[in-house]
Amino acid sequence: MDQDNFSNVSWGEERRVPPAQQPGHPVAGPGPGTGIEEQGETLAAAALEERLECLVGSPLKENDGSKDAFVSYLITTHSTFASFEQQTTSIRRRFTDFVFVWKQLVRDYPASAVPPLPDKQRIEYVRGDRFGPDFTLRRAHSLQRFLARCALHPVLRRAPILHVFLESRDWNATMRSRASRASMSAASEGSSVFDGLADTFINAFTKMHRPDRRFVEVRERSDKLDDDLGSIEKVVARVVRRQADVEADLRDVAEQFERLVALEPALEPAAHAFAAAVLDQAVRLRSLREATDQDYLGSLRDMQAYSLSLRSLLRARDQKQLDHEQLIEYLNKSTSERDALSFPSTTDVAQQPSAHHHHHASYSPNSVGTFLRSKIEDVRGVDHEQARRERARRLELRVDQLTAEVERAALTSDAFDDQVVHEVADFERIKRAEFKAELGAFAEAHVLFYAGVADIWQSYVADMERQSTD
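According to full-length UniProt numbering, numbering within the sequence shown proceeds without interruption in unit steps and concludes at 470.
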């Protein structure tokens with residue numbers, strides 16, 4: 001990927017989380033002179049001191065034979081955080097536990113690109129194969145990536161709910177208490193959620209006047225990343241299918257050589273040895289195919305989902321900029337109305353026009369709406385000067401209120417921009433670390449496969465040479 005301002009971050013860097021970015025506090029941007037590189041240099045020591053590594057594996061079907069059967073996954077955590085009672089802990093969690101943690105992180109850290117979980121709506125749920133080893137191992141790899149991303153994120157790795165999830169022996173009680181509080185807050189936030197959806201729908205047809213070039217480039221890179229990952233995924237999926245075909249052919253060849261023994265008894269030792277070598281190669285190819293399908297191919301799909309989370313954060317940033325720009329437009333409109341309404345009163349002092357002349361000077365040139373309002377006031381017998389002063393007073397109050405709202409929206413938008421810049425840098429760093437690990441494991445699987453195949457056929461050749469000398 002091309003180098004940019006967001007990717008010049010070392011893998012080991014980490015930044016401390018100011019109190020303003022903790023759950024329940026408004027987002028605050030960094031102070032003057034604090035950049036991504038400066039924070040990385042300042043906090044490099046802290047990143048090295050605190051370690052958090054999570055391993056997910058050993059899927060186990062529990063409550064087998066009942067309708068409440070589920071699969072649990074063993075999570076082994078190595079940490080030097082002071083909040084952990086032990087440096088190494090092992091705990092079992094089911095997929096719904098991961099979903100609960102993910103929802104809590106999304107709710108508590110709205111300014112962070114929370115890594116996604118593997119999609120639950122899979123065909124295995126329809127076919128009933130969700131307890132099969134292929135599905136559970138693939139999901140274990142995806143859950144491993146979820147925890148690894150959280151552990152590499154400088155904010156999420158310190159989330160209290162994540163620490164409790166990784167260590168608590170009374171996790172069900174934690175879930176119940178958190179769920180009850182979440183239901184109470186959801187009841188009070190129902191209207192705000194509806195308002196947010198309404199704003200999103202309205203702003204979907206609104207275009208930003210001053211798009212930030214930094215985030216436009218991030219979105220373009222994200223789109224290109226998705227396209228590249230999609231192309232690679234198609235190629236790797238085709239490779240997996242061909243590996244399965246080659247494995248089936250190898251097993252068929254081994255079976256045919258076993259049948260050859262009945263026709264040529266004199267070739268029995270050589271035929272058995274050749275069939276065993278071909279079958280061993282098929283077994284090793286199956287291991288390579290499973291590593292490619294369950295781990296590497298899944299990592300490509302998971303990275304696409306992670307990129308989608310980043311784009312969702314960018315949309316939230318755009319929403320705040322749109323709110324700011326629309327408030328500015330509303331303020332400008334209200335200011336123009338106030339100035340247009342108060343302008344005749346300034347000329348009135350100098351010219352002292354008649355009431356009839358004052359009426360036409362105030363309302364005739366502005367708009368059709370103003371003209372109609374003046375006519376309605378004539379019919380109702382309203383004092384035009386008093387009505388004008390009342391409207392001017394209301395507009396003045398509205399301008400003051402909108403000015404304060406614009407200032408608040410500007411601070412919120414700027415702070416959210418700074419936070420998104422950090423999130424993009426964290427995403428790039430986590431992405432590089434994950435690609436390095438996944439490609440390393442992918443290469444290691446191929447090295448083991450070809451080394452094993454070489455050993456198989458070298459052993460076979462040695463056996464044949466011994467038989468020929470005998």
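Even glycine gets a Cβ: it sits at the ideal position worked out from N, Cα and C.
Remember, it's a predicted structure, so these values are computed and weren't measured experimentally.
Any contact between the stretch 254 to 262 and the stretch 226 to 243? By contact I mean 3 or more CB pairs, one from each, below 8 Å. no
Proximity below 9 Å, CB of residue 143 to CB of residue 95: yes
Where does residue 285 fall in DSSP's three states? helix
Following the continuous beta strand (DSSP E) through residue 230, name the residue where it begins and the one where it ends. Careful: residue 230 lies outside any beta strand (DSSP E), inside the alpha helix (DSSP H) at 213 to 263.
Alpha carbon to alpha carbon, how far is residue 330 from residue 402? 8 Å
Answer with buried or exposed for residue 160, where buried requires no fewer than 16 other C-beta atoms within 10 angstroms of its C-beta. exposed
Compare the C-alpha of residue 446 against each of 79, 288, 392 and 464 and name the closest. 288
Residue(s) in a DSSP beta bridge with residue 90: 76
As a quick exercise: from 51, 427, 339 and 168, pick the residue whose alpha carbon is nearest that of residue 392. 339
Rounded to a whole number of angstroms, what is the C-alpha to C-alpha distance between residue 413 and residue 172? 38 Å
Go to residue 162, then tell me how far its alpha helix (DSSP H) extends in each direction, as first and last residue. 160 to 167
Mind checking whether residue 111 and residue 434 have CB atoms under 9 Å apart? no
Which residue wins for smallest C-alpha separation from residue 471, given the options 306, 320 and 295? Missing from the structure shown is residue 471; the chain here goes from 1 to 470 and no further.
Between the alpha carbons of residue 165 and residue 104, how many angstroms are there, rounded? 11 Å
Report buried or exposed for residue 400, applying the criterion of at least 16 other Cβ atoms within 10 angstroms of its Cβ. exposed
For the stretch 311 to 318 against the stretch 415 to 431, are there 3 or more C-beta pairs whose distance is under 8 Å? yes
Three-pair Cβ contact test at 8 Å for the stretch 450 to 466 versus the stretch 275 to 284: yes
Thinking C-beta only, is residue 169 closer than 9 Å to residue 232? no
Stretch pair the stretch 50 to 57 + the stretch 69 to 83: three plus CB contacts closer than 8 Å: yes
CA-CA distance, residue 297 and residue 430? 18 Å
Check the C-beta distance from residue 118 over to residue 139 and give it rounded, since I have them as a contact under 8 Å. 6 Å
Consult DSSP for residue 57 and reduce its assignment to one of helix, strand or coil. strand
Nearest neighbour of residue 102, chosen from 61, 178, 57 and 135 [CA to CA]: 178
Can you check DSSP and say which residues form a bridge with residue 70? 62
With distances taken between CB atoms, is the gap from residue 473 to residue 131 smaller than 9 Å? As displayed, the chain neither begins before 1 nor continues past 470, which places residue 473 out of reach and without an answer.
Strand pairing of residue 297, partner residues [DSSP]: Paired residue(s): none; residue 297 is not in a bridge.
Under 9 Å, do residue 285 and residue 246 count as touching if we go by C-beta distance? yes
Between the Cα of residue 410 and those of 107, 427, 469 and 323, spot the shortest distance and give me the residue it belongs to. 323
Nearest candidate by alpha-carbon position, reference residue 335, set 398, 276 and 390: 398
Could you work out which residue in 212, 107 and 72 is closest to residue 64 when comparing CA atoms only? 72
Going by CA-CA distance only, name the one from 325, 303, 327 and 320 that's closest to residue 428. 303
Cβ atoms of residue 277 and residue 457: under 9 Å apart, would you say? yes
Under three-state DSSP, which class holds residue 331? helix
Distance, residue 262 Cα to residue 469 Cα: 25 Å
Over what stretch of residues does the alpha helix (DSSP H) that includes residue 141 continue unbroken? 133 to 152
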